[in-house]
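The sequence shown begins at 1 in UniProt numbering and counts up one residue at a time. Taking it in order: structure first as structure tokens, then the write-up.
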Amino acid sequence: MTWDELDAELAGFAGTVSVYAGRLGRPPAYVRLPDARHYAASTMKVAVLAALYRAAEAGSVDLAAPVPVVNDFASAGPGAGRFSCAPDYDNDDAVWDRLGDTAPLGWLAERMIVRSSNLATNLVIGRVGLPAIGAVWADSGARHSRTGRGIEDFAARDAGLDNQVTAADLAGLLGGIARSRLAGPATCADMLDVLFRQERGEDLAAGLPPGTRIAHKNGWVRGVRHGAGVVFPDDAPPYAVVVCTTATPGGDGDADSGRDDDACRLIARISAMVWATRHRLGPLD
């Protein structure tokens, strides 16, 4: 399949499909609607991870520090009070099993990525704050993406404070981590290690040969499925691949009931196509 043939296929999708594929630090080899705004789903958790690890590098937080595991959070909505997460709207029983106890901050960050825990995400946001997450987006060169609230903060959402991403911005964020542009080399390597341990491999990773190293995060709600990652082939330079799909308006969180198998297969096929062209994605220097 050629890029033109892919364009023709994606034009028939009942909704919006955005794609970004290219070598790190180089113009992309292929884009489609790279600046279209999508509801972020859990891809925003990469920016939360980066904000936390930058704070740890600066010495303002300790990743080993115990954090009380609570389900009570201040809404980002003006005068909105507090909110909580629904256990059946999450993907990680391990965090909920610690409710009322404590957990290391770094462990919560890992569960936020590898199992996409919503409860862990809100606990981490409570430690770093939304402004620090916004600074990550700004420093990565994002033009349209924003993290305006925690997961399931519906009052803030209704007040217009939402979480949005674009394919280009997600590529810039992950590329910034992979190229050690968002923190020191050791800190960025630690973030990549967390992203390499991703356990949800049903979209981007499914389009790659088994064992291929990919640092990635996905996100899904009803009608929305995204995959964003950096692939590290053994025989070619690393490259970013991001696919964002929005078929119908989505909700919030990453409930299994919102998973779109057709979108997963589409993302996997695009990932496989980019892999097949990995030697032709752009100049090496």
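Even glycine gets a Cβ: it sits at the ideal position worked out from N, Cα and C. As the structure is a prediction and not an experimental result, all values here were calculated from the model.
Bridge partner(s) assigned by DSSP for glutamine 164: Tyr39, Arg146
Backbone secondary structure at valine 242 - three-state DSSP: strand
Environment of proline 238 [buried if 16+ CB atoms lie within 10 Å]: buried
Reduced DSSP category for serine 18 - H, G, I as helix; E, B as strand; rest coil: strand
Span of the beta strand (DSSP E) around alanine 230: The question names alanine, but residue 230 in the sequence shown is valine. It spans 224 to 232 - the beta strand (DSSP E) in which valine 230 sits, taken as one unbroken run.
Top-ranked residue by Cα proximity to glycine 172, from Asp35, Pro131, Ser42: Asp35
Top-ranked residue by Cα proximity to cysteine 85, from Ile270, Asp261, Phe73: Phe73
contact_flag[the segment 20 to 28, the segment 4 to 12] where n(CB pairs < 8 angstroms) is 3 or more: no
Residue closest to glycine 79, alpha-carbon to alpha-carbon, out of Phe154, Pro210, Ser60: Phe154
Alpha-carbon to alpha-carbon, leucine 281 and tryptophan 96: 43 angstroms
Glycine 176 (DSSP reduced to helix, strand or coil): helix
Bridge partner(s) assigned by DSSP for phenylalanine 73: Phe83
Pairwise C-alpha distance: lysine 45 and alanine 272: 25 angstroms
Local Cβ density within 10 Å of proline 28, reported as buried at 16 or more and exposed below that: buried
Nearest-angstrom Cα separation, counted from aspartate 235 out to alanine 156: 46 angstroms
Local conformation of isoleucine 151 per DSSP, three classes: coil
Identity of the residues DSSP links to isoleucine 214 by a beta bridge: Val231
Contact set for glycine 250: own chain, Cβ-Cβ below 8 angstroms, skip 5 residues either direction: Only weak support exists for where glycine 250 lies, its pLDDT of 42 falling under 50; the coordinates are left without a value.
For valine 61, three-class secondary structure by DSSP: coil
Nearest residue (CA-CA) to leucine 174, options Ala58, Ser140, Pro209, Leu204: Ser140
At least 3 beta-carbon pairs within less than 8 angstroms: the segment 48 to 65 vs the segment 97 to 116: yes
Extent of the continuous alpha helix (DSSP H) to which threonine 187 belongs: 185 to 196
Neighbourhood of valine 230 by C-beta distance below 6 angstroms, restricted to the same chain and skipping five residues each side: Leu174, Ala178, Ala215, Pro238, Ala240
Enclosing beta strand (DSSP E) for proline 104 [first to last residue]: 102 to 104
DSSP-derived helix/strand/coil call for glycine 12: coil
Inter-residue spacing [alpha-carbon to alpha-carbon] between phenylalanine 232 and glycine 81: 44 angstroms
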